[in-house]
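Chemist: Supplied in C-alpha cells, the structure appears directly below.
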Amino acid sequence: MSDHALLPHGEDLRRAVRWLAQGYANDPHAIEEACLRFDLSPLDGEFLMRHWSRPDRHPDEPI
C-alpha cells in the first residue's frame, strides 16, 4: 500500500496493472515484480495472481 497521502486509495494497484499491461501478460514472475515495485498489499497481490495470470486470458482483454 502506498505511504503517499496524496495518492488515492488503490492507485498502487492501478499503476501495477498499467505496468503489467505493457507486455507482461500471463507472467507470474512479473506479477511478483509488480507487487514489490509498487508496494502492493498481500490482498492486491492475490488479486493480480487470480485475475491477471489466467492461462486463458488474452493480453488485450480487460481485467
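Residue numbering for the sequence shown follows numbering that gives the first Met the number 0, starting at 0 and increasing by one per position. Idealized CB from N, CA, C, for every residue including glycine. No experiment lies behind these values; they were computed from the predicted model shown.
Where does residue 39 land, buried or exposed, given buried means 16+ other C-beta within 10 angstroms?
Modeler: It is buried - the Cβ of residue 39 has at least 16 other Cβ atoms within 10 Å.
Chemist: Given this structure, state the Cα-to-Cα distance separating residue 48 from residue 36, to the nearest angstrom.
Modeler: The alpha-carbon atoms of residue 48 and residue 36 are separated by roughly 15 Å.
Chemist: Where does residue 50 sit, in a helix, a strand or coil, going by DSSP?
Modeler: Reduced to three states, the DSSP call for residue 50 is helix.
Chemist: Evaluate residue 42 with the Cβ neighbour count: other Cβ atoms within 10 Å of its Cβ, from every protein chain shown; 16 or more gives buried, anything less gives exposed.
Modeler: Exposed, by the Cβ-count rule.
Chemist: If we ignore side chains and look at the alpha-carbon of each, how far apart do residue 13 and residue 26 end up?
Modeler: Going by the C-alpha atoms only, they are around 17 Å apart.
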